[in-house]
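Student: All the letters of the sequence shown, read from the start, carry residue numbers 4 to 247 under our numbering. Even for Gly, the Cβ is constructed at its ideal location relative to N, Cα and C.
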Amino acid sequence: MIMDAIRIIHEPSDAEPFVVLEKKEGLPSAPLEDGDDCALTRVMTLFPSLADVEGRKKVEHGLVHRLDTDTDGLLLIASTQAFYNHIILAQKEGLFIKKYSARCKRSRCSLEGFPPCPVDVSGLSSGDSFALSSGFRHFGARGSSVRPVTGECSEVIRKKAAPGLYETNVKIISEDDSFVLVDCTISRGFMHQVRCHLSWCGLCIVNDRIYNPIEASGPMEFHATGLQFPLENGKTVCFGKISR
4 MIMDAIRIIH
14 EPSDAEPFVV
24 LEKKEGLPSA
34 PLEDGDDCAL
44 TRVMTLFPSL
54 ADVEGRKKVE
64 HGLVHRLDTD
74 TDGLLLIAST
84 QAFYNHIILA
94 QKEGLFIKKY
104 SARCKRSRCS
114 LEGFPPCPVD
124 VSGLSSGDSF
134 ALSSGFRHFG
144 ARGSSVRPVT
154 GECSEVIRKK
164 AAPGLYETNV
174 KIISEDDSFV
184 LVDCTISRGF
194 MHQVRCHLSW
204 CGLCIVNDRI
214 YNPIEASGPM
224 EFHATGLQFP
234 LENGKTVCFG
244 KISR
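1. Is the Cβ-Cβ distance between F182 and R59 less than 9 Å?
2. How about the segment 63 to 71 and the segment 156 to 172: do they share at least three Cβ pairs that are nearer than 8 Å?
3. Return the first residue and the last residue of the alpha helix (DSSP H) that I160 is part of.
4. Residues in its own chain within less than 7 Å of D248 by CB, not counting five upstream and five downstream?
5. May I ask which residues mark the beginning and end of the alpha helix (DSSP H) holding L114?
6. Given this structure, state the Cα-to-Cα distance separating R10 from K26, to the nearest angstrom.
7. Okay, do the segment 96 to 116 and the segment 170 to 185 touch, 3+ Cβ pairs below 8 Å being the bar?
8. Could you check if G76 is buried or exposed, using at least 16 other CB atoms within 10 Å of its CB as the buried criterion?
9. Short of 6 Å in beta carbon distance, which residues of its chain neighbour Y87, apart from the five on each side in sequence? Order them along the chain.
10. Mind the definition here: the segment 144 to 154 touches the segment 191 to 201 only if three or more C-beta pairs lie below 8 Å; say whether that holds.
11. Quick one: any contact between the segment 127 to 141 and the segment 170 to 178, if contact means 3 or more CB pairs under 8 Å?
12. Within the same chain, show all residues whose beta-carbon is closer than 8 Å to that of C241, passing over the 5 residues directly before and after it, in chain order.
Okay, structure coming up:
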């Protein structure tokens, strides 16, 4: 039961006090309340000392970041307070890099609330790279999705945006008549950032029920495939493959 839907990639040690795990889609990353079934709760059963770490949310302990329930891939959990404090600072300094891979379809975004996209991807092909940058605001019922916020948005909308800009770096890996495979990296993340940015530019993730709902019929083809971050001794470690 414990190992269903999770796989431990890295166990905590004195030199590297953290857990890296891979979770399957359908399993939440974090609990809403203590004891909820999720990736964190299952890992804490294997490594009880994780409960000693105090995070930004008490119930999340040393969980450094979250994945959407419908996303599979890599998660990082600190096993000591010192490492947690260190990695949160590294995040703020842009040193915690996350990589995602997605299979997309070229499709003009028809959802409400999106400003004009500043990047035209129609002429881009395999090997090309580009970056998308915007603020974000919550959108829809109970803020269950997000929308980019740019200088072209009205003042009313700009005032609704969360502080700061968020950048998604995208590389087109391959393309055929039906699909485009992309890799994306971010160093500062917002809810649904990559999914929303890809839909915004017309590369809609296959089976994304929020940002490509018309064609969604199976598991979302979006995966958290890489993590890169500094240890307390200054050494940089990488899980998966990071290319920027």
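Tutor: Quick answer:
1. What you label residue 182 is simply residue 179 of the sequence shown in a count that begins at 1. What you label residue 59 is simply residue 56 of the sequence shown in a count that begins at 1. No, the pair does not count as a contact, with Cβ atoms beyond the cut-off.
2. no
3. Taking the first residue of the sequence shown as position 1, residue 160 is located at position 157. Start and end: 158 to 163.
4. In this structure the chain extends from 4 to 247, so residue 248 is not present and cannot be described.
5. Against the sequence shown, residue 114 aligns to sequence position 111. Neither: L114 is in no alpha helix (DSSP H) and is coded neither H nor E.
6. Against the sequence shown, residue 10 aligns to sequence position 7. Against the sequence shown, residue 26 aligns to sequence position 23. When rounded, the distance between both Cα atoms is 7 Å.
7. yes
8. Numbered from 1 along the sequence shown, position 73 holds the residue referred to as residue 76. It counts as buried.
9. What you label residue 87 is simply residue 84 of the sequence shown in a count that begins at 1. Taken in chain order, the residues that qualify are V56, G65, A81.
10. yes
11. yes
12. Indexing the sequence shown from 1 puts residue 241 at position 238. If we look at C241 and ignore the five residues flanking it on each side, its Cβ neighbours are G229, L230, Q231.
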